[in-house]
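Chemist: Residue numbers 192 to 606, in our numbering, belong to the letters of the sequence shown in order. Using N, Cα and C, we set each Cβ at its ideal position, and we do this for glycine too. Since the model is a prediction, treat every value here as computed from it, not as a measurement. This is the structure, below, for whatever I ask next.
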Amino acid sequence: MNNGVVIIGAGHGGVQAAASLREEGYEGRVTLIGDEAELPYHKPPLSKSFIKDSGAKPQILRAEAFYAAGSIDLLLGETVESLDPVGKQLKLVSGGSVSFDKVILATGSRPRVLPVEGGPLAGMLSLRSIADARAIRALAGEVEDIVILGGGFIGLEIAATLSAGGRRVTVVEAQQRLLARAVAPVVSAHVAARLAASGVRLLLNTVVNRIEGDDGHVSAVITSAGERIPAKMLIVGIGVVPNAELAAAAGIQTANGVRVDAQLRTSAPDILAIGDAASYRHWFTGADVRLESVQNATDHARLAARTITGHADTYSAVPWFWSDIGDMKLQMVGLTGGSDRQIVAGEPADNRFSVFHYSGPRLIGIESVNRPADHMLGRKMMGAGFSPDTQSVAGGSDALKAAFTDWQTRQPAPV
Ligand SMILES: Cc1cc2nc3c(=O)[nH]c(=O)nc-3n(C[C@H](O)[C@H](O)[C@H](O)COP(=O)(O)OP(=O)(O)OC[C@H]3O[C@@H](n4cnc5c(N)ncnc54)[C@H](O)[C@@H]3O)c2cc1C
C-alpha cells in the first residue's frame with residue numbers, strides 16, 4: 192500500500208481532493224494528474240471577467256508552492272488513457288504508467304457538441320477551459336456580430352459580458368424561456384428583460400438549422416424561423432456531457448456520469464468519483480442527479496478524502512450555485528425540481544428579489560437576484576432543515592432571521 196491516491200483531473204474537485212487528503216491526515220503519496228498544461232485555475236471567471244479584459248490572468252486555485260508543501264505530485268499536461276481497477280495501474284497517453292492504491296476520478300465534463308448542417312467551421316467555439324476562453328477573447332476583439340447558442344448560465348454570462356463590451360450579441364434558445372431547467376419563470380422573465388434592455392437580442396423557441404461559412408470561417412446562422420443572422424463568432428453553450436468514458440472503459444458502472452454511492456465510491460473497489468463527472472442519488476430529493484457546480488465538486492472532494500481516510504460519512508451537503516449575468520448576481524440554493532408553490536420576496540422591478548420554492552410545507556430551494564442575505568440564510572436554514580412560513584418570507588430578511596433563530600432555540604440540544 193505505498194502507491195497512494197491518484198487523482199485524475201486537476202480542476203476544482205481534483206485540487207480540493209488533494210488538499211483535503213492532507214487536511215484529513217493522509218500520509219501516503221498523492222498524485223494529481225491533469226491534462227491541461229497550466230497550474231489549475233478557477234473556471235467561473237472565464238465567462239465573466241476573463242473574456243472582458245484582454246489583460247486578465249487566470250486565477251489559480253492554489254499557488255505552486257502549495258503542491259510542493261503538501262507533497263502533492265502534480266503531473267500537468269498528462270492525459271490518462273486507461274485505467275485498470277484490478278491491476279491498480281493507469282496508463283498515460285504520453286506512454287508512462289502510474290500504479291495506485293486508490294483513484295479519485297475528477298474528470299469533469301465537456302461541452303455538448305452541436306450537430307448542425309454546415310459545421311464545424313472556424314469561429315465556432317465553446318467554453319470550458321482557459322484555452323477556450325483565450326480563443327473567445329481573441330476573436331471577440333476582432334468581430335462585431337456574435338451568436339450564442341443556448342440560453343443557459345454560461346451562454347448568458349458570455350452574452351452579457353460581450354454585449355457590454357460593444358458587440359452585437361444574439362442568443363438563440365430552443366426553449367420558450369431562458370434558464371428553463373434551472374430557475375422559476377419569474378426569474379427567467381426578469382433576466383430576459385434586463386438582457387434585452389442592455390442590448391442583447393433574444394430569440395426564444397428558436398434553433399439554428401444551418402451555419403454558413405466564408406472561406407472556412409463561420410459567417411452567419413440560419414434559424415428555424417428562416418432568419419439569416421450574420422455571425423463571425425458562434426458560441427455553442429448547449430450544456431455539457433460528463434467525462435465518464437475512462438470509467439466506462441474500465442468496466443465501472445456509468446449512467447449520466449460515473450455512478451457513486453453516498454460515500455462517493457464507484458462500482459469498482461478503491462475507485463471514487465466526484466464533481467461534474469459523478470452521478471448519484473441525492474440525499475435531498477431522492478432523485479438521481481449529476482450537478483455541475485463548484486460547491487458540488489469541492490464538497491464531494493472533501494467527502495472523498497474522508498472516505499479514503501476511513502470516515503463513514505454520507506454526503507449531505509446543501510447544493511448551491513451562483514452566476515453573474517450583467518448586473519444580476521443570481522444565487523441558488525437547494526434543488527427545485529419538485530417545487531409546487533413559490534413565494535416571491537422583494538421586487539423584480541428593483542432588480543432585487545428572491546423566489547422561495549416549496550414542496551408541500553418543505554422549503555426546497557431559493558433563487559435570489561441581488562439578495563445575497565436570502566441566499567446565505569437559505570443555506571443555513573436548509574442545512575438545519577427549517578422551512579419558514581409565508582409570513583416570515585414576506586416579512587423580509589429580518590423577519591426570516593428572527594423566525595429561524597426562534598426555531599433554533601426550540602430545537603432539542605444535540606446528544
Ligand atoms: C466558463 C464556466 C463558468 C462557470 N461558472 C460557474 C459558476 O459561476 N458557479 C459555479 O458553481 N460553477 C460554475 N461553473 C462550473 C464549475 O466550474 C464546474 O462545476 C467545476 O469546475 C466542476 O469541477 P470538476 O473538478 O468536476 O471538473 P473540472 O473543474 O472541469 O476539472 C476536470 C479536469 O479534469 C481534466 N481531465 C478530464 N479527463 C482527463 C484525463 N483523462 N486525464 C487527465 N485529466 C483529465 C479536465 O481537462 C479538467 O481540467 C462554470 C464552468 C465553466 C466552464
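#1: Taking a contact to mean a Cβ-Cβ separation below 9 Å, would you say L237 touches A201 in this structure?
#2: Please confirm whether any heavy atom of ligand 1 lies closer than 8 Å to the CB of A297.
#3: State the beta-bridge partners of M573 as determined by DSSP.
#4: How many angstroms separate the CA atom of G442 from the CA atom of S415?
#5: Run through the DSSP bridge pairs and tell me what F475 is partnered with.
#6: Return the bridge partner residues of Q533 from the DSSP annotation.
#7: Which value, in whole angstroms, describes the spacing of the CA atoms of D515 and T527?
#8: In angstroms, rounded to a whole number, what distance separates the CA positions of S290 and R497?
#9: State buried or exposed for G537, treating a residue as buried only when at least 16 other CB atoms are found within 10 Å of its CB.
#10: Identify every run of the beta strand (DSSP E) within the segment 388-456, keeping only runs that are complete inside it and at least 3 residues long; order them along the chain.
#11: Using a threshold of 9 Å, state whether the C-beta atoms of D323 and R358 are closer than that.
#12: Please determine, among A492, P235, R532, L554, the residue with the shortest C-alpha to C-alpha distance to E215.
#13: Between T270 and ligand 1, is the CB less than 8 Å from at least one heavy atom?
#14: To which residues of the same chain is L274 closer than 6 Å at the C-beta, ignoring the five residues directly before and after it?
#15: Assuming R319 and R303 are in contact, meaning their beta carbons sit under 8 Å apart, how far apart are those beta carbons, in whole angstroms?
#16: If you pair each beta-carbon of the segment 445-458 with each one of the segment 369-382, do three or more pairs fall below 8 Å?
#17: Check whether the Cβ atoms of R401 and E308 sit closer than 9 Å, and answer yes or no.
#18: Leaving out five residues on either side along the sequence, give the residues of the same chain with a beta carbon under 8 Å from the beta carbon of G430.
#19: Whole-angstrom Cβ separation of I499 and Y217, contact assumed at under 8 Å?
#20: Within 10 angstroms of the Cβ of P433, are there 16 or more other Cβ atoms? Answer buried if so, exposed if not.
#21: Is the segment 537-553 touching the segment 597-605 in the sense that three or more CB pairs, one from each, lie closer than 8 Å?
#22: Decide if Y423 is buried, meaning its Cβ has at least 16 other Cβ atoms within 10 Å, or exposed.
Modeler: According to the data block:
#1: Reading the sequence shown from its first residue, position 46 is the one you call residue 237. Reading the sequence shown from its first residue, position 10 is the one you call residue 201. No, Cβ-Cβ distance for L237 and A201 is not below 9 Å.
#2: By 1-based counting over the sequence shown, the position of residue 297 is 106. Yes, Cβ of A297 sits closer than 8 Å to a heavy atom of ligand 1.
#3: By 1-based counting over the sequence shown, the position of residue 573 is 382. Bridge partners of M573: none, in fact.
#4: For the purposes of this step, residue 442 is identified with residue 251 of the sequence shown, where counting begins at 1. For the purposes of this step, residue 415 is identified with residue 224 of the sequence shown, where counting begins at 1. Between the C-alpha atoms of G442 and S415 there is a straight-line separation of about 41 Å.
#5: In the sequence shown, the residue the question calls residue 475 occupies position 284. In the DSSP assignment, F475 is bridged to no other residue.
#6: Working through the sequence shown from its first residue, we reach residue 533 at position 342. According to DSSP, residue pairing for Q533 in a beta bridge involves H548.
#7: The count along the sequence shown starts at 1 and reaches residue 515 at position 324. The count along the sequence shown starts at 1 and reaches residue 527 at position 336. Distance between the alpha carbons of D515 and T527: 20 Å.
#8: Reading the sequence shown from its first residue, position 99 is the one you call residue 290. Reading the sequence shown from its first residue, position 306 is the one you call residue 497. Each residue's Cα considered, the two are about 21 Å apart.
#9: Stepping through the sequence shown from its first residue, residue 537 is reached at position 346. When all chains shown are included, G537 counts as buried.
#10: The segment 388-456 contains these whole beta strand (DSSP E) runs: 392-394, 399-405, 408-414, 419-421, 424-427, 431-433.
#11: Stepping through the sequence shown from its first residue, residue 323 is reached at position 132. Stepping through the sequence shown from its first residue, residue 358 is reached at position 167. The criterion of a C-beta distance shorter than 9 Å is not satisfied by D323 and R358.
#12: Working through the sequence shown from its first residue, we reach residue 215 at position 24. Looking at A492, P235, R532, L554, the one whose alpha-carbon comes closest to that of E215 is A492.
#13: Position 79 of the sequence shown, counting from 1, holds the residue named residue 270. Checking the Cβ of T270 against ligand 1 gives yes.
#14: Against the sequence shown, residue 274 aligns to sequence position 83. Result list for L274: L281, L437, A441, in chain order.
#15: On the sequence shown, residue 319 is found 128 positions in, with the first residue counted as 1. On the sequence shown, residue 303 is found 112 positions in, with the first residue counted as 1. With a contact defined as Cβ atoms closer than 8 Å, R319 and R303 miss out at about 11 Å.
#16: Too few Cβ pairs lie closer than 8 Å, so no.
#17: Along the sequence shown, read from residue 1 onward, the residue named residue 401 stands at position 210. Along the sequence shown, read from residue 1 onward, the residue named residue 308 stands at position 117. Their beta carbons are under 9 Å apart, which means R401 touches E308 by this criterion.
#18: Looking up residue 430 in the sequence shown gives position 239. Annotation for G430: P302, R303, G341, G343 place their beta carbon closer than 8 Å to its own, counting only its chain and skipping 5 residues before and after.
#19: Locating residue 499 in the sequence shown gives position 308, where the first residue counts as 1. Locating residue 217 in the sequence shown gives position 26, where the first residue counts as 1. Going by Cβ atoms, the distance from I499 to Y217 rounds to 7 Å, so yes, they are a contact pair.
#20: Start at 1 with the first residue of the sequence shown, and residue 433 comes out as number 242. P433 sits buried, since 16 or more C-beta atoms from the chains shown fall within 10 Å of its C-beta.
#21: Short answer: they don't touch.
#22: Counting from 1 along the sequence shown, the entry for residue 423 is found at position 232. The residue asked about is misnamed: residue 423 is Lys in this sequence, not Tyr. Classification for K423: buried.
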